[in-house]
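The working numbering puts the sequence shown at residues 1 to 509. All C-beta atoms in this analysis are idealised placements derived from N, C-alpha and C, irrespective of residue type, glycine included.
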Amino acid sequence: MPPMHSVSNDLTYKIPFLRWAMLAQLSHSSESSGSEDDYLEEEAEEERYLCLFCEMVLSSCTQLTEHSLKSHKLDLVSAFSGISFYGTIKTINYTRSSHCGVEEFREVLKKSDTLEDKYLKPILSDDSLLMIDFEELAHSSSTQSCSKNGVQESDPRIELLQRKLEKIQQAYLELLESKNNFSEQKSTTDDYFESYADYSIHAEMLQDKVRTEAYRDYIYKNTNIFNNKTVLDVGCGTGILSMFCAEGGAASVVAVDNSKIVEKARKFVKCNNLSDKVEVIEGKVEEVKLDRKFDILISEWMGYGLLFECMLDSVISARDKYLRPGGLVVPNRTSMFIAAVSDEKGYETRFNFWNNVYGFDMSEVIPDLFKEAVVKCVDKSHVISDHCGFKHLDLSTVKTADLEFSSPFQLQIGTPSKLTAFVIHFSCYFDGEVSVVLDTSPECEPTHWLQTVLYLKSPVLVSEGSLVQGNVTFTKSSAVKRGYIIKLDGSISQDNEELGKFCQQYYLH
Ligand SMILES: C[S@@+](CC[C@H](N)C(=O)[O-])C[C@H]1O[C@@H](n2cnc3c(N)ncnc32)[C@H](O)[C@@H]1O
Numbered sequence: 001m002p003p004m005h006s007v008s009n010d011l012t013y014k015i016p017f018l019r020w021a022m023l024a025q026l027s028h029s030s031e032s033s034g035s036e037d038d039y040l041e042e043e044a045e046e047e048r049y050l051c052l053f054c055e056m057v058l059s060s061c062t063q064l065t066e067h068s069l070k071s072h073k074l075d076l077v078s079a080f081s082g083i084s085f086y087g088t089i090k091t092i093n094y095t096r097s098s099h100c101g102v103e104e105f106r107e108v109l110k111k112s113d114t115l116e117d118k119y120l121k122p123i124l125s126d127d128s129l130l131m132i133d134f135e136e137l138a139h140s141s142s143t144q145s146c147s148k149n150g151v152q153e154s155d156p157r158i159e160l161l162q163r164k165l166e167k168i169q170q171a172y173l174e175l176l177e178s179k180n181n182f183s184e185q186k187s188t189t190d191d192y193f194e195s196y197a198d199y200s201i202h203a204e205m206l207q208d209k210v211r212t213e214a215y216r217d218y219i220y221k222n223t224n225i226f227n228n229k230t231v232l233d234v235g236c237g238t239g240i241l242s243m244f245c246a247e248g249g250a251a252s253v254v255a256v257d258n259s260k261i262v263e264k265a266r267k268f269v270k271c272n273n274l275s276d277k278v279e280v281i282e283g284k285v286e287e288v289k290l291d292r293k294f295d296i297l298i299s300e301w302m303g304y305g306l307l308f309e310c311m312l313d314s315v316i317s318a319r320d321k322y323l324r325p326g327g328l329v330v331p332n333r334t335s336m337f338i339a340a341v342s343d344e345k346g347y348e349t350r351f352n353f354w355n356n357v358y359g360f361d362m363s364e365v366i367p368d369l370f371k372e373a374v375v376k377c378v379d380k381s382h383v384i385s386d387h388c389g390f391k392h393l394d395l396s397t398v399k400t401a402d403l404e405f406s407s408p409f410q411l412q413i414g415t416p417s418k419l420t421a422f423v424i425h426f427s428c429y430f431d432g433e434v435s436v437v438l439d440t441s442p443e444c445e446p447t448h449w450l451q452t453v454l455y456l457k458s459p460v461l462v463s464e465g466s467l468v469q470g471n472v473t474f475t476k477s478s479a480v481k482r483g484y485i486i487k488l489d490g491s492i493s494q495d496n497e498e499l500g501k502f503c504q505q506y507y508l509h
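And the structure:
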């Protein structure tokens, strides 16, 4: 729940990969004891290019691209041209690990930069394909036609040497850059857990009665579910949920948190005489070693717009490792909703204000403001449509891949007004004999998550019965760790006549 503004790329896989690339180059050079020609021949012999889509092994980059074109109808050079360095690496490793076909490959390529960072890690230990500079190839294939038109053809040995040199230079520069960024990355990653060491954040969460009482009521009113069960509390913070579970009849609870708040949690557990039932462990849930499986996994992982903070990834990893088959995840499902909003005054204050600030024009900032997803409380009287559920997650089966998605939505306008924004909110469901719903909609008592507002650049006049049809897309931000990019696109119509269109991207950072 803390606001995150850490700007950095995840380098977790970058360092090992670059080190691997460097070492591969350096070991070749240090091992070469013969003449330069021997070295080049040996090198040339060693190059093997395994096709991305079949078992074919080619002995040169040119043969590989020709094979790909002939057998798979894919021009590798133009396919990768314009794709970023990391996007190319991720796409190659994704394709190798998933054994996907050309069609899926083309789709993956479109969102190559948003692929998970785990695909920076080579699937093959010595994958020559990862060493190809497709931009350079595209460039040299255009200049090669010049050479055929009169310029002397270059010596292939010099070309090979040049390519090797460029690869080493590139790997070296990347390694230097990664080293510089690494200390930055470490500190920003730590920032997340450091922010949870602060009491004020925990006070805010504990004082959010809607949130905390939803968990408490579910546990205390469904003691049949918790009686004699073993529980894993992922991200225990102050240990509040663990203590609820212990009071609710659990046989034992293991509470894990990577923030220094665990030191206090341990003391809270002790002074409330629950040490015999609750064990508090400091560490990332992905890294701690637990020697057993649990009946129940409980966690309060929800961020702004539900998914900001990306803590659900950690819950999924803990579930897959430590929940016994058929075990329960609490809460057990969630839904995300969207609705249309009309708030002309709020719009005026946020945007038009900049047009005339004490007589000065500061409208320069307005385009940036339209890119922000704004976390704020929406007055229920400003909601002018029904609410459309666009993403439902079953916590017992959800996978990390489900946390990036595009979903259609449709809204019916109920109040004639000016459509200025859309609002996103979510609900968490605790199903049981006595079910509990934690609802963050504008119609309910506010929570610390408030709502997430997406303003329209061009507000649209709508009438009763106007129809909004569109898509909402959630993608993890590659620039800001734990952040998301939300895209909205669609149209508004009345009796099949188009009133307006929208296509905007917002940062939930
Ligand atoms: C939203 S707070 C919830 C705290 C507490 N469960 C409550 O309900 O008041 C999330 C907590 O999870 C912890 N956390 C997040 N990711 C974690 C991870 N991967 N491993 C361990 N702890 C994590 C944070 O440090 C933070 O204390």
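Three-state secondary structure (DSSP) of residue i
i: residue 370; result: coil
i: residue 308; result: coil
i: residue 227; result: coil
i: residue 202; result: helix
i: residue 377; result: coil
i: residue 303; result: strand
i: residue 87; result: helix
i: residue 196; result: coil
i: residue 292; result: coil
i: residue 428; result: strand
i: residue 505; result: strand
i: residue 440; result: coil
i: residue 134; result: helix
i: residue 105; result: helix
i: residue 397; result: coil
i: residue 355; result: helix
i: residue 93; result: helix
i: residue 267; result: helix
i: residue 405; result: strand
i: residue 500; result: strand
i: residue 319; result: helix
i: residue 257; result: strand
Residue i versus residue j: straight-line alpha-carbon distance, rounded
i: residue 61; j: residue 119; result: 22 Å
i: residue 133; j: residue 252; result: 55 Å
i: residue 260; j: residue 269; result: 15 Å
i: residue 79; j: residue 97; result: 19 Å
i: residue 273; j: residue 485; result: 45 Å
i: residue 28; j: residue 456; result: With a pLDDT of only 33 at residue 28, under 50, the local geometry of the prediction cannot be trusted, and the value read off the model is given with reservation. When rounded, the distance between both Cα atoms is 56 Å.
i: residue 459; j: residue 288; result: 50 Å
i: residue 281; j: residue 267; result: 12 Å
i: residue 70; j: residue 162; result: 28 Å
i: residue 323; j: residue 349; result: 49 Å
i: residue 245; j: residue 492; result: 48 Å
Beta-carbon proximity check, residue i vs residue j, cutoff 9 Å
i: residue 452; j: residue 480; result: no
i: residue 462; j: residue 417; result: yes
i: residue 237; j: residue 300; result: yes
i: residue 515; j: residue 449; result: As shown, the chain starts at 1 and ends at 509. That puts residue 515 outside it, with no answer to give.
i: residue 91; j: residue 105; result: yes
i: residue 388; j: residue 337; result: yes
i: residue 334; j: residue 297; result: no
i: residue 468; j: residue 412; result: yes
i: residue 108; j: residue 72; result: no
i: residue 234; j: residue 285; result: yes
i: residue 279; j: residue 255; result: yes
i: residue 550; j: residue 129; result: In the structure as shown, the chain starts at 1 and stops at 509, and residue 550 therefore has no counterpart that could be examined.
i: residue 383; j: residue 341; result: yes
i: residue 65; j: residue 57; result: no
Proximity to residue i [Cα-Cα], best of the options
i: residue 395; options: 288, 133, 317 and 240; result: 317
i: residue 313; options: 399, 478 and 415; result: 399
i: residue 225; options: 271, 430, 100 and 363; result: 430
i: residue 210; options: 270, 341 and 441; result: 441
i: residue 228; options: 384, 213, 247 and 217; result: 247
i: residue 230; options: 257, 328 and 135; result: 328
i: residue 381; options: 360, 369 and 346; result: 346
i: residue 117; options: 127, 86, 100 and 99; result: 86
i: residue 421; options: 370, 258, 98 and 66; result: 370
i: residue 496; options: 465, 485, 487 and 245; result: 465
i: residue 293; options: 406, 458, 232 and 249; result: 232
i: residue 121; options: 304, 484, 64 and 93; result: 93
i: residue 508; options: 446, 363, 200 and 482; result: 482
i: residue 222; options: 432, 339, 502 and 447; result: 432
Cβ-Cβ separation, residue j to residue i (assumed contact under 8 Å), whole Å
i: residue 470; j: residue 409; result: 6 Å
i: residue 475; j: residue 114; result: 5 Å
i: residue 419; j: residue 454; result: That belief does not hold up - the Cβ atoms of residue 419 and residue 454 are roughly 12 Å apart, past 8 Å.
Residue i Cβ short of 8 Å to ligand 2 heavy atom set
i: residue 202; result: As presented, the structure is devoid of ligand 2, carrying ligand 1 as its sole ligands.
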